[in-house]
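Structure first, then comments.
Protein chains: 2
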Amino acid sequence: MSTFVQVPAESDFPIQNLPYGIFSTSCNANRRVGVAIGEQILDLSAVANFYPEYVQNALRANVLNPLMALGYDAWNDVRTITRDLLLAGSSLDKNEELKKRAIFKQSDSTMHLPASIGDYTDFYSSIHHATNVGIMFRGKENALMPNWKYLPVGYHGRASSVVVSGTPINRPLGQTQPVDGEAPVFGPCRLMDFELEMAFFIGGPPTKLGERVTTKEAAKRVFGFVLMNDWSARDVQKWEYVPLGPFTAKNLGTSISAWVVPVAALQPFAVPNFPQEPKPFPYLQHDEVFNFNIELFVDIKPENGTQVTVSHSNYRHLYWTALQQIAHHSVTGCNLNPGDLLASGTISGETEDSYGSMLEISWKGTRSISVGENQTRKFLQDGDEVVIRGFCNGDYRIGFGDVRGKVLPAIPFEN
Amino acid sequence: MSTFVQVPAESDFPIQNLPYGIFSTSCNANRRVGVAIGEQILDLSAVANFYPEYVQNALRANVLNPLMALGYDAWNDVRTITRDLLLAGSSLDKNEELKKRAIFKQSDSTMHLPASIGDYTDFYSSIHHATNVGIMFRGKENALMPNWKYLPVGYHGRASSVVVSGTPINRPLGQTQPVDGEAPVFGPCRLMDFELEMAFFIGGPPTKLGERVTTKEAAKRVFGFVLMNDWSARDVQKWEYVPLGPFTAKNLGTSISAWVVPVAALQPFAVPNFPQEPKPFPYLQHDEVFNFNIELFVDIKPENGTQVTVSHSNYRHLYWTALQQIAHHSVTGCNLNPGDLLASGTISGETEDSYGSMLEISWKGTRSISVGENQTRKFLQDGDEVVIRGFCNGDYRIGFGDVRGKVLPAIPFEN
Chain W
1 MSTFVQVPAE
11 SDFPIQNLPY
21 GIFSTSCNAN
31 RRVGVAIGEQ
41 ILDLSAVANF
51 YPEYVQNALR
61 ANVLNPLMAL
71 GYDAWNDVRT
81 ITRDLLLAGS
91 SLDKNEELKK
101 RAIFKQSDST
111 MHLPASIGDY
121 TDFYSSIHHA
131 TNVGIMFRGK
141 ENALMPNWKY
151 LPVGYHGRAS
161 SVVVSGTPIN
171 RPLGQTQPVD
181 GEAPVFGPCR
191 LMDFELEMAF
201 FIGGPPTKLG
211 ERVTTKEAAK
221 RVFGFVLMND
231 WSARDVQKWE
241 YVPLGPFTAK
251 NLGTSISAWV
261 VPVAALQPFA
271 VPNFPQEPKP
281 FPYLQHDEVF
291 NFNIELFVDI
301 KPENGTQVTV
311 SHSNYRHLYW
321 TALQQIAHHS
331 VTGCNLNPGD
341 LLASGTISGE
351 TEDSYGSMLE
361 ISWKGTRSIS
371 VGENQTRKFL
381 QDGDEVVIRG
391 FCNGDYRIGF
401 GDVRGKVLPA
411 IPFEN
Chain C
1 MSTFVQVPAE
11 SDFPIQNLPY
21 GIFSTSCNAN
31 RRVGVAIGEQ
41 ILDLSAVANF
51 YPEYVQNALR
61 ANVLNPLMAL
71 GYDAWNDVRT
81 ITRDLLLAGS
91 SLDKNEELKK
101 RAIFKQSDST
111 MHLPASIGDY
121 TDFYSSIHHA
131 TNVGIMFRGK
141 ENALMPNWKY
151 LPVGYHGRAS
161 SVVVSGTPIN
171 RPLGQTQPVD
181 GEAPVFGPCR
191 LMDFELEMAF
201 FIGGPPTKLG
211 ERVTTKEAAK
221 RVFGFVLMND
231 WSARDVQKWE
241 YVPLGPFTAK
251 NLGTSISAWV
261 VPVAALQPFA
271 VPNFPQEPKP
281 FPYLQHDEVF
291 NFNIELFVDI
301 KPENGTQVTV
311 SHSNYRHLYW
321 TALQQIAHHS
331 VTGCNLNPGD
341 LLASGTISGE
351 TEDSYGSMLE
361 ISWKGTRSIS
371 VGENQTRKFL
381 QDGDEVVIRG
391 FCNGDYRIGF
401 GDVRGKVLPA
411 IPFEN
């Protein structure tokens with residue numbers, strides 16, 4: 001397959017990828033549906049009339065929710081037509097005037113949140129991460145909670161505070177308990193952390209309250225994946241989370257990458273699902289392979305420093321699949337909507353260089369890592385930019401771009 | 001103050017109340033903004049031209065979010081004009097043709113969810129409830145967690161599963177662990193429960209990520225209150241909630257009453273804030289009284305049985321105020337949007353007859369209560385309808401209507 005758009009070697013966005021995003025340009029502030037190709041964006045609103053009528057409104061929307069809602073067959077239709085339009089010799093290729101109106105440089109564009117996120121859920125599906133955190137806080141014997149291998153543990157997150165890559169995050173103020181058993185203090189978070197995650201958007205029509213989505217149905221409900229940095233105030237979390245879970249330690253901001261990579265683009269990189277023992281309940285079982293070899297990297301770029309990789313992990317380390325996450329999410333009857341965002345939880349591998357958070361990398365702050373000349377870190381400092389990158393590598397690369405965000409100083413409190 | 005609409009004695013909706021709701025009628029399926037008065041609804045979309053131009057679009061919307069977004073001063077403007085329109089001798093009173101187009105019987109109307117709820121948060125702010133649950137699960141010595149008196153403990157809930165009064169709720173399927181230390185089982189929830197709560201909607205313009213709302217600013221951010229039944233699968237919750245909090249045990253449905261009672265209507269029933277010791281951090285302090293004497297009742301009506309009151313509680317039992325809940329919610333920078341719903345958590349009083357859940361009333365299933373002739377309950381049975389009512393009583397009554405929902409049998413699992 002060869003496209004008329006120039007695609008650099010090692011680009012995240014060859015014609016095999018075709019991820020969706022919402023973008024605007026300096027000449028046109030309207031938010032439009034775009035597809036990344038090389039270093040360009042194809043504006044689907046400008047070529048909508050090449051597509052079947054039933055998808056055209058979705059391609060002219062300012063968020064991806066309508067396209068997500070159309071469902072699996074529509075996604076395949078749109079993907080096929082988009083690919084054909086981008087092939088050398090296509091009707092688009094031959095139309096110079098239309099190309100000028102429909103193709104934009106990514107470097108001249110602003111990316112926006114891809115969807116209006118109705119609800120955001122965060123799982124805890126990496127066995128290495130859950131084990132590491134468990135060892136730190138409860139010791140080796142009780143590392144994994146008894147429920148962990150029976151169900152994909154998860155919790156409801158804050159949808160309003162999900163932001164697109166590039167949004168800076170202020171170090172939060174909050175309550176922490178520096179010494180166990182003593183009174184808490186109020187002030188800037190001291191243990192600011194990232195969490196290396198991936199997340200997917202729900203597609204298809206809204207389900208009804210009381211309706212369950214089976215693992216079989218779930219396969220057609222995954223619209224596509226993004227990278228995620230679930231910023232975490234570890235000291236705030238430790239003090240607040242008992243007994244109802246993390247709250248203000250997480251709602252200070254959750255960053256996602258701008259491009260949503262379709263499942264179809266990931267399928268050539270499928271790898272066997274993580275072995276599960278004990279065998280899960282029937283409602284969590286599925287034969288379909290739904291695990292992917294996606295290499296993940298976390299870099300830290302200190303203010304005035306150079307970007308250093310501090311973690312190299314992989315999506316394949318997840319114990320629970322996206323299909324199991326969906327089936328479990330809805331098992332008690334929770335309704336799902338197109339645009340809902342379901343995240344993996346921190347993705348850690350087995351080895352220290354693949355841990356997905358500073359909490360694990362610094363082992364609860366007991367060791368430092370180097371982030372460039374004369375610079376060490378246990379947790380994040382003001383001015384640090386965190387960059388998460390990810391891609392599948394083969395004959396071509398299916399990449400996610402990146403999700404980046406800089407830690408800004410805390411804003412002083414005034415009552 | 002005398003209105004031309006006939007208001008029965010003991011009505012929840014005298015002219016001093018004027019709660020907002022979203023309704024439709026058999027002749028007009030469009031959802032419109034209405035105000036309850038006696039047994040009638042004033043259709044604000046039909047009288048919008050009596051209001052200043054800057055609020056008219058909000059009065060013609062199909063959810064309350066635009067009105068909520070306009071903010072405190074607009075709410076006062078709208079309330080004053082609505083009251084004046086309903087007074088005997090008003091221009092509306094004198095216009096028989098307009099009255100026919102603008103006033104509808106509640107009994108001929110269908111109520112809808114009052115707002116598009118972006119995010120839903122549930123607090124845990126009743127000291128008696130938190131203490132009771134603590135005693136049951138951790139013993140008397142460790143009943144209240146160390147953080148409880150320092151911050152309003154809360155967690156993010158599921159916005160999609162918030163439904164309006166009258167929506168039936170299917171008994172959920174889920175995982176439970178009937179015997180501690182043994183393997184879990186999958187099947188219908190056995191310990192289905194209600195939670196007596198109240199909740200309020202956030203108003204004013206959206207805040208930005210990183211922005212904090214002080215307790216002082218918070219007072220102008222509370223649009224109005226509703227009754228809430230936060231349905232809970234206790235056995236599912238016990239198994240799943242460690243370490244990230246309740247998830248599928250709660251997202252099976254949360255019911256709210258249809259009428260949103262403005263703070264202005266509650267102010268004559270203000271009572272001193274709950275005494276707080278230790279004194280909270282400055283960001284949680286406020287002088288303003290923001291506690292209300294709202295009597296709350298939970299009734300159970302078994303299938304083919306009669307409605308029996310099983311709890312009589314009061315909003316005033318809450319330790320943390322709504323203003324403190326808002327300030328804490330945003331202290332780490334979480335952005336708030338008009339239409340966000342913040343709930344109190346189960347409101348229990350000190351005495352057994354004022355407990356706000358079957359978990360407490362049956363003391364973890366160790367005692368039964370009577371719900372009519374030859375009928376006893378420890379938890380809810382299929383066919384039980386739960387009805388929560390609430391009102392302030394004085395020279396007149398400021399009521400909330402009710403929030404009701406019936407427990408339907410579990411839907412069998414098919415993969």
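Protein chains in written order, with UniProt numbering: chain W, 1 to 415; chain C, 1 to 415.
All residues carry an ideal CB built from backbone N, CA and C; glycine is no exception.
Leu342/C sits close to Phe200/C, with the two beta carbons spaced by under 7 Å. The residues Pro168, Asn170, in chain order, have a CB closer than 6 Å to that of Leu408/C in the same chain once the five nearest residues on each side in sequence are set aside. Beta-carbon to beta-carbon, Thr207/C and Leu336/C are separated by about 5 Å, close enough to satisfy the 8 Å threshold. Relative to Asp93/W, the option among Glu373/W, Ser2/W, Gly383/W whose CA is nearest is Ser2/W.
Counting only runs of 4 or more residues that sit fully inside the stretch 348-386 of chain W, the alpha helix (DSSP H) segments are 358-361, in chain order. Less than 7 Å divides the Cβ of Ala258/C from the Cβ of Ser165/C.
Bounds of any alpha helix (DSSP H) do not take in Ile202/C; it lies within the beta strand (DSSP E) bounded by 196-202. When rounded, the separation of the alpha-carbon atoms in Val47/C and Asn57/C is 12 Å. Within the stretch 138-170 of chain W, the residues whose Cβ lies closer than 8 Å to some Cβ of chain C are Met145, Pro146, Asn147, Tyr150, Leu151, Val153, Gly154, Tyr155, His156, Gly157, Arg158, Ala159, Ser160, Ser161, Val163, Thr167, Ile169, Asn170, listed in chain order. When 7 Å is used as the limit between beta carbons, Asn337/C is near these residues of chain W: Ser160, in chain order.
Within the stretch 173-197 of chain W, those residues whose Cβ lies closer than 7 Å to any Cβ of chain C are, in chain order, Leu173, Gly174, Gln175, Pro184, Phe186.
Val163/W is the residue among Val163/W, Arg79/W, Asn142/W whose C-alpha sits nearest the C-alpha of Met111/W. The criterion of a C-beta distance shorter than 7 Å is satisfied by Pro152/W and His328/W. Residues of chain C whose Cβ lies closer than 9 Å to the Cβ of Leu209/W are, in chain order, Ser160, Ser161, Val163, Thr167, Ile169, Asn170, Leu252, Gly253. For chain W, the residues of the stretch 305-332 of chain C that bring a beta carbon within less than 8 Å of one of its beta carbons are His328, His329, Val331, Thr332, in chain order. DSSP places Val78/C within a helical segment (H, G or I) once states are collapsed to three. When 9 Å is used as the limit between beta carbons, Ala233/C is near these residues of chain W: Thr332, in chain order. Per DSSP, Thr25/W is one residue of the beta strand (DSSP E) stretching across 20-25.
In the three-state reduction of the DSSP assignment, Met192/C falls in the strand class, which pools E and B. Within the stretch 77-91 of chain C, no residue has its Cβ closer than 7 Å to any Cβ of chain W. In its chain, beyond the 5 residues on either side, Gly394 have a beta carbon closer than 7 Å to the beta carbon of Pro268/C. Neighbours of Phe413/W in chain C, taken as residues at a C-beta separation under 8 Å, are given in chain order as Arg212, Pro282, Tyr283. Between Glu350/W and the set Gly401/W, Lys99/W, Asn132/W, the nearest pair of CA atoms involves Asn132/W. Burial is judged here by how many other beta carbons sit within 10 angstroms of a residue's own beta carbon; Glu10/C has fewer than 16 and is exposed. Judged by DSSP in its simplified three-state form, Ile127/W adopts helix.
Here Glu295/C is bridged, per DSSP, to Asn314/C, Phe391/C. In this structure Gly399/C is buried. Its beta-carbon is surrounded by 16 or more other beta-carbon atoms within 10 angstroms. Per DSSP, reduced to three states, the secondary structure at Tyr155/W is strand. Annotation: Phe292/C to Gly118/W spans about 32 Å, alpha carbon to alpha carbon. For His328/W, the enclosing alpha helix (DSSP H) stretches over residues 322-329. The residue among Tyr150/C, Ile256/C, Ala265/C with its C-alpha nearest the C-alpha of Asp12/C is Ala265/C. For Gly383/W, the nearest beta carbon of chain C is not closer than 7 Å to its own beta carbon. With a cutoff of 7 Å on beta-carbon distance, Asp235/W and Thr176/W are scored as near each other.
In the three-state scheme derived from DSSP, where H, G and I count as helix and E and B as strand, Ser107/C is classed as helix. The beta carbon of Ile294/W lies closer than 6 Å to those of Tyr315, Gly390, Cys392 in the same chain, with the five residues before and after it left out.
Every unbroken stretch of the alpha helix (DSSP H) spanning 4 or more residues and falling wholly within the stretch 225-277 of chain W is given here in chain order: 234-240, 263-266.
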